[in-house]
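Following: one structure in structure tokens, then a few remarks.
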Amino acid sequence: MIGSKSDKRCQTKRDAHDKYEPNSTLNSGIHLVQYIARDFAGNTGMCSFEINITIRSEGRACSDLRVWETDNTIYENLIYKETKYVYTRCKYRGLRVDGENTIECVHGHPVVPLPRCKPIRLSMFTTVFK
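So in our numbering, the last one in the sequence shown is 252, and the numbering has no gaps at all.
Printed below as a string of structure tokens:
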């Protein structure tokens with residue numbers, strides 16, 4: 123099996139290569155990863171796949187990035203009196219922040235998970251007038 127872990131000949135740098143070096147950091151987005159293995163007899167095999175890198179909102183919190191968005195939520199990193207905060211607001215009417223909208227950062231991380239915007243649900247009630 124060319125390129126398998128059991129095939130030691132395909133694990134050397136001269137026998138196999140890929141587009142990315144081991145332990146590469148990938149930015150968010152879709153990346154095509156390709157491996158081509160060659161044995162000493164000249165046989166080759168190729169494996170390729172796409173990987174979609176997404177960054178959770180918490181990964182951007184408390185960083186130098188000023189503003190970022192998800193489908194319906196806007197987050198903003200702020201500094202007030204030398205303390206970092208993440209402020210959350212909703213992009214559309216009919217939504218509300220599910221939790222506190224201002225979260226403090228401690229040691230570069232939010233102290234609680236960031237809230238998200240959720241639809242406002244009106245409870246059904248009956249008013250009786252006399």
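No residue lacks a Cβ here, since even glycine has one placed at the ideal position from N, Cα and C.
For clarity, every value in this text was computed on a predicted model and none was experimentally measured.
Cβ neighbour criterion (16 or more within 10 Å) applied to Ala-159: Position 37 of the sequence shown, counted from the start, is the residue given in the question as residue 159. It is buried - the Cβ of Ala-159 has at least 16 other Cβ atoms within 10 Å.
Contact check, Asn-194 vs Cys-239, beta carbons under 7 angstroms: Within the sequence shown, numbered from 1, the residue matching residue 194 stands at position 72. Within the sequence shown, numbered from 1, the residue matching residue 239 stands at position 117. Yes, the Cβ-Cβ distance between Asn-194 and Cys-239 is below 7 angstroms.
Cβ-based neighbour list, Pro-237, same chain, cut-off 6 angstroms, excluding 5 preceding and 5 following: Locating residue 237 in the sequence shown gives position 115, counting from the first residue. Excluding residues within five positions, the ones whose Cβ falls inside 6 angstroms are Thr-210, Val-219, Asp-220 and Gly-221.
Spatial distance of Ser-126 from Tyr-202 (CA atoms): The count along the sequence shown starts at 1 and reaches residue 126 at position 4. The count along the sequence shown starts at 1 and reaches residue 202 at position 80. Residue placement at Ser-126 is poorly supported in this model, since its pLDDT is 41, which falls under 50; the coordinates are not used for a value here.
Nearest-angstrom Cα separation, counted from Leu-154 out to Trp-190: Walking along the sequence shown from the start, residue 190 turns up at place 68. Walking along the sequence shown from the start, residue 154 turns up at place 32. Between Trp-190 and Leu-154, the C-alpha separation is close to 25 angstroms.
Arg-211 (DSSP reduced to helix, strand or coil): On the sequence shown, position 89 is the one that residue 211 refers to. It is a strand residue.
Limits of the unbroken beta strand (DSSP E) element including Arg-218: Translated into the one-based positions of the sequence shown, residue 218 becomes position 96. Its beta strand (DSSP E) spans residues 217-219.
Start-to-end residues for the beta strand (DSSP E) that takes in Gly-167: Position 45 of the sequence shown holds residue 167. Residues 166-175.
Where the beta strand (DSSP E) through Thr-224 begins and ends: Against the sequence shown, residue 224 aligns to sequence position 102. From DSSP, the beta strand (DSSP E) with Thr-224 extends over 224-228.
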